[in-house]
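In what follows, a single structure is set out as structure tokens and then discussed.
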Amino acid sequence: MQSVCDILGYDPLYLANEGKVVLVVDPSVTDEVLSILRGFEEGKEAVLIGKTLDKNIGKVGLQTVIRYNSLNELLS
1 MQSVCDILGY DPLYLANEGK VVLVVDPSVT DEVLSILRGF EEGKEAVLIG
51 KTLDKNIGKV GLQTVIRYNS LNELLS
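The numbers in UniProt numbering rise by one with no breaks, and the one at position 39 of the sequence shown is 39.
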């Protein structure tokens, strides 16, 4: 999906993408959570896509290969 979006210049946040979930978990249990999710057919492609940072507390952003976007502005 990401490769196609990069080639075509699409932002995946604006594409229909049903049946997906984003989980925010403590870094110490990331591998365990991914292992559990991958144990289900629906979760076999589960991957880590990001991380939280100590800076900019309370702000949500998205860093792509091209630019940084504030999700607070994008999705408002």
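We put the CB at the ideal spot given by N, CA and C, even for glycine.
Quick caveat: nothing in here was measured; it's all calculated off a predicted structure.
Best match in D54, G50 and Y14 for proximity to Q63 [C-alpha to C-alpha]:
G50
Taking D26 as the reference, give the member of L48, K55 and Y10 with the closest Cα.
L48
Mind listing, in chain order, the continuous alpha helix (DSSP H) runs of no fewer than 4 residues lying wholly within the region 25-70?
30-38
Thinking just about the alpha-carbon of each residue, which of T52, R67 and L8 is nearest to the one in V60?
T52
Run of the alpha helix (DSSP H) containing V22, from where it starts to where it stops:
Per DSSP, V22 belongs to no alpha helix (DSSP H) and is neither H nor E.
How is Y14 classed by DSSP in three states: helix, strand or coil?
helix
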